[in-house]
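Undergrad:
Protein chains: 2
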Amino acid sequence: MAVTPVPELARRAKAASRVLATASTEQKDEALLTAAELLGERVEELVRANAADVAAAEDAGIAPGLVDRLRLTPDRVAAMASGLRQVAALADPVGEVLDGWVRPNGLRISRVRVPLGVVAIIYESRPNVTSDAAGLCLKSGNAAFLRGSSTAVHSNVAIASVLRAAVAKTGLPEDAVVLVEDTSRAAATEFMQQRGLVDCLIPRGGPSLIASILEHATVPYVIDGDGNCHVYVDAAADLDVAERILVNAKTQRPSVCNAAESLVVHASVAADFLPMAAAALRDVELVGDARARALVPGMGEATDTDWSTEYLDLKLSVKVVDTLDEAIDHVNATSSGHSEAIVTTDVHAADRFLGEVDAAAVLLNASTRFVDGEEFGFGAEIGISTQKLHARGPMGLRQLTTAKYVVRGDGQVRG
Amino acid sequence: MAVTPVPELARRAKAASRVLATASTEQKDEALLTAAELLGERVEELVRANAADVAAAEDAGIAPGLVDRLRLTPDRVAAMASGLRQVAALADPVGEVLDGWVRPNGLRISRVRVPLGVVAIIYESRPNVTSDAAGLCLKSGNAAFLRGSSTAVHSNVAIASVLRAAVAKTGLPEDAVVLVEDTSRAAATEFMQQRGLVDCLIPRGGPSLIASILEHATVPYVIDGDGNCHVYVDAAADLDVAERILVNAKTQRPSVCNAAESLVVHASVAADFLPMAAAALRDVELVGDARARALVPGMGEATDTDWSTEYLDLKLSVKVVDTLDEAIDHVNATSSGHSEAIVTTDVHAADRFLGEVDAAAVLLNASTRFVDGEEFGFGAEIGISTQKLHARGPMGLRQLTTAKYVVRGDGQVRG
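This is how it looks when you write it as structure tokens:
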């Protein structure tokens, strides 16, 4: 089969997006539920396609952990289907009136939530993203324009084919879900340059993908970036609360972006807190500055690089500060703008940290691990934005929409 | 004097932005009012600096119209000062609570409006943009990082110096306003690449500037794009209303982005409406399709290029369509996504056009000329966005902000 060129695929997605933009919630939910059902019915076909990817990955000597992320089992397919059912149950964001007012000349202006149009998602490895992303796009009235990795291409093609069949079955255009099967680097670059056809590009992957977006993309994009998250234990912290939060933020799931990577402690509690923390984090490698090391025997030395490193592993950098100002400055200087927490009982310190730290989410006496779409109550998320434009923090259905002004008059002209 | 490198200037703006982010409304307003006063006091110095730019432009043989746009008179300086006073009188968007809810585990989440940080603006010709942009940035708690054109450099330096002095006088950091004096192309490219320091870049200029942004920018940006605006006269239009709106949209100020560039007429009223329209638009060059030309003697032929051209001049393309669907398809195919109007008395046609046309603003029975910040009641605008991410349509103070999640707990950890 000849490979369809990327611009032609983008045009198909754009045409479908016009229909999806005005599809009713009922129609979209029916498509989602039908897709969930069809994933169940065609599970064997999906697992078979996936086996080809898994075999190729093993032949290529890919690390077992990564191969496992790639693997589709009947349970994992069932989880994808259940994800689509969850999205069907969420409120439809489209049509929400965000604002409305009347001008002195009688013009009635309202700002109404509408779909973005074509949402392009470029992602690595895990094939469930194909279904999860398509589901969120569909519910929010967008066409999903997808480009997965070469390691998962057979799985992605199979999943997309099931989703397209389901959408077509309910009378919506099958191009609501368009997968670029060409996994070459050239196709990836082309994918980022469909200006006028793609309304928003969301990369889900590591630093090299982000660098490629910055270099090549000509379409608007939202960066789902790193999380170099800090927990600051203030002079007025309840140290038991601080320990509980630190342990949870660091160890509950170290491989994710909202896990803590750095501990900042006020000097006045460091002598009490650091030994407690070190004992509670027995399995975590600690690296610190001179004052932290003096309080915890065996702690390694933190280099300048450590302060801005997202370990995604059982490792934590530790810094002792003399003042709240120093803590805020250090966090702002090294933060990736994801999630930053303070533990304190002091209202003034809390207000200053929450007000002055520049991040998508700032937390008082709570674990950074809460910063995601599920925990925030959005029901599902497509990523967590660390940029400030358009979407900041967890991105749910609303963040896959834009607004348009609807202006109603009765013949007004400008004087 | 040695030229300060662009990254160093960006760092200064970033440092200032930290202070501005938590400045009180009172402080910011005082800075704006002081700047307005100082512009008045130092008007001679401004006019003298501007004379150098005007002389250089005249020597270079720049067209008189452009030289006039460049010129500063005492009246124009007074208008800049009055603009700053107007911005001082607007409501401060910072601190607005956009949403708030409590999670089942007791976490209290709120979404709070905060400044973007450093807003970079690159602009052409008119020196008043220096003052207008700085004023809007200051009020919204952002540092203004500015890069004007070489033709206005003396004027811009003088204006920035007055604004910086005023800001410093009120105790805020003078780097709240930072102007890049280096007007080389290399400096412009560097200006677009201060990733990590610039939070939002807004270009104000023509297609070549936009192309340069798409090619070089690595910071997030909002495009203030073209306006290829249509007026669609429906089968059920009141033709007198249609004529009034069309004349206003086309001729009230043809050189701006919200002026109409194209007329689309339903075939059932074309024979009545087109001769009326042609008579009312005597000074406007009309080019049309075959059916339009058959109804208006002397009308030129529209080429494919015409349908997507923003003339910014007394010229209008004219198309006859058989159905509302054809009108919507034509508008969506050729629109630049700015402002699109329908004239009709038919509720069903109105709903379909307003719902299906994909633009920042859709209008019913009103002139496209109303789509700007002043007319929408925002008090002032920094541009009109034709992209869908972050800001769409007129950009006022709110569009110069982002949000952050503030999460308050009492020791919650994730299970």
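Protein chains in written order, with this note's numbering: chain A, 2 to 416; chain B, 2 to 416. A virtual CB, placed ideally from N, CA and C, is assigned to each residue, including glycine.
Report buried or exposed for H349(A), applying the criterion of at least 16 other Cβ atoms within 10 angstroms of its Cβ.
TA: Exposed is the call here.
Undergrad: What does DSSP give as the partner residues of R112(A) in its beta bridges?
TA: Its beta-bridge partners are D100(A) and Y406(A).
Undergrad: Look at the Cβ atom of C201(B), then the Cβ atom of L390(A), and state whether they are nearer than 9 angstroms.
TA: Going by C-beta atoms, C201(B) is nearer than 9 angstroms to L390(A).
Undergrad: Is W102(B) close to chain A? Criterion is C-beta to C-beta, closer than 9 angstroms.
TA: Yes, W102(B) counts as interfacial toward chain A.
Undergrad: On the three-pair Cβ rule with 8 angstroms, is the stretch 336-353 of chain A touching the stretch 176-195 of chain A?
TA: With the cut-off at 8 angstroms, the stretch 336-353 of chain A and the stretch 176-195 of chain A do not touch.
Undergrad: Can you list the residues of chain B that R245(A) reaches, using a CB-CB cut of under 8 angstroms?
TA: Under the 8 angstroms cutoff, chain B gives G412 and V414.
Undergrad: Terminal residues of the continuous beta strand (DSSP E) containing M396(A)?
TA: Counting along the chain, the beta strand (DSSP E) containing M396(A) begins and ends at G394 to M396.
Undergrad: Report the neighbours of C230(A) on chain B: residues whose CB is nearer than 7 angstroms to its CB, in chain order.
TA: The premise fails here: C230(A) is roughly 13 angstroms from chain B at the closest Cβ pair, so nothing lies under 7 angstroms.
Undergrad: List the endpoints of the continuous alpha helix (DSSP H) containing N259(B).
TA: No alpha helix (DSSP H) contains N259(B), which DSSP labels as neither H nor E.
Undergrad: For D100(B) and R114(B), what's the separation of their Cα atoms in angstroms?
TA: Approximately 10 angstroms between the Cα atoms of the pair.
Undergrad: Assign H339(B) to one of three DSSP states: helix, strand, or coil.
TA: Coil, per DSSP.
Undergrad: From S386(A) to E311(A), what does the alpha carbon distance come to, in whole angstroms?
TA: Taking the straight line joining both Cα atoms gives about 16 angstroms.
Undergrad: Closer than 8 angstroms is the cut-off here; do at least three beta carbon pairs connect the stretch 373-388 of chain A with the stretch 102-114 of chain B?
TA: Short answer: they touch.
Undergrad: Determine the chain A residues that contact I110(B) at a beta-carbon separation under 7 angstroms, and present them in chain order.
TA: Residues of chain A passing the Cβ test: F377.
Undergrad: In this structure, what does DSSP give as the bridge partners for G384(B)?
TA: M396(B), per the DSSP bridge assignment.
Undergrad: Pull the bridge partners of L147(B) from the DSSP assignment, please.
TA: According to DSSP, which records beta bridges pairwise, L147(B) is partnered with I122(B) and L180(B).
Undergrad: Could you pull out every unbroken beta strand (DSSP E) segment of at least 3 residues lying fully inside the stretch 225-300 of chain B, listed in chain order?
TA: 230-234, 261-267 and 286-289, all fully within the stretch 225-300 of chain B.
Undergrad: Identify every residue that forms a DSSP beta bridge with G302(B).
TA: The sequence given here has Glu at residue 302(B), not Gly. DSSP output for E302(B) lists G289(B) as bridge partner(s).
Undergrad: Three-state secondary structure (DSSP) at I203(B)?
TA: In this structure, I203(B) counts as strand in the three-state DSSP scheme.
Undergrad: Compare the C-beta of K29(B) against all C-beta atoms of chain A and say whether one is closer than 9 angstroms.
TA: Judged by the 9 angstroms Cβ criterion, K29(B) is not in contact with chain A.
Undergrad: Give a yes or no on whether the C-beta atoms belonging to A80(A) and V119(A) are separated by under 9 angstroms.
TA: Taking 9 angstroms as the Cβ cut-off, A80(A) and V119(A) do not qualify as a contacting pair.
Undergrad: Pull up the distance between the alpha-carbon of G301(A) and that of W308(A), whole angstroms please.
TA: C-alpha separation (whole angstroms): 13 angstroms.
Undergrad: Against chain B, does A153(A) count as a neighbour if the rule is that its beta carbon must be under 9 angstroms from one of theirs?
TA: No, its Cβ sits nowhere closer than 9 angstroms to a Cβ of chain B.
Undergrad: Rank A53(B), R77(B), D93(B) and L47(B) by C-alpha distance to the C-alpha of L21(B) and give the top, closest one.
TA: For the residues A53(B), R77(B), D93(B) and L47(B), the minimum Cα distance to L21(B) belongs to D93(B).
Undergrad: CA-CA distance, A339(A) and Q388(A)?
TA: For the record, residue 339(A) in the displayed sequence is His; it is not Ala. So the two alpha carbons sit approximately 9 angstroms from each other.
Undergrad: With DSSP as the reference, please indicate the residues paired to V319(A) in a beta bridge.
TA: V319(A) pairs with L264(A) and G289(A).
Undergrad: Tell me which residues share the same chain as T428(B) and place their Cβ nearer than 8 angstroms to its Cβ, disregarding the 5 neighbours each side in the sequence.
TA: Beyond the ends of chain B as shown, which are 2 and 416, falls residue 428(B); an answer cannot be given.
Undergrad: Whole angstroms is fine: what's the gap from E262(B)'s alpha carbon to A281(B)'s?
TA: Roughly 16 angstroms separates the two Cα atoms.
Undergrad: Out of curiosity, what's the CA-to-CA distance linking G206(A) and L275(B)?
TA: Whole-angstrom Cα-Cα distance: 55 angstroms.
Undergrad: Just mark D314(B) as buried or exposed, buried being the case when its beta carbon has 16 or more other beta carbons within 10 Å.
TA: Exposed: under 16 other Cβ atoms inside 10 Å.
Undergrad: Would you please state the rounded distance, in angstroms, between the beta carbons of V7(A) and A188(A)? I believe it to be under 8 angstroms.
TA: With 8 angstroms as the limit, V7(A) and A188(A) qualify as a contact, their Cβ atoms being about 6 angstroms apart.
Undergrad: Using a Cβ cut-off of 9 angstroms (strictly closer), state whether G356(B) contacts chain A.
TA: Closer than 9 angstroms: yes.
Undergrad: Taking the alpha carbon of E271(B) as the reference point, which residue from V288(B), L215(B), A295(B) and E27(B) has its own alpha carbon closest?
TA: It should be pointed out that residue 271(B) corresponds to Ala in this sequence rather than to Glu. Out of V288(B), L215(B), A295(B) and E27(B), A295(B) has the C-alpha closest to the C-alpha of A271(B).
Undergrad: Roughly how many whole angstroms lie between the Cα atoms of C258(B) and A291(A)?
TA: Taking the straight line from one Cα to the other gives about 60 angstroms.
Undergrad: Measure the C-alpha to C-alpha separation of N129(A) and R165(A) and round it to an integer number of angstroms.
TA: Looking at the two C-alpha atoms, the distance is approximately 15 angstroms.
Undergrad: What are the residues in the stretch 200-213 of chain B lying within 7 angstroms of chain A by C-beta distance?
TA: Cβ contacts with chain A come from D200 and C201.
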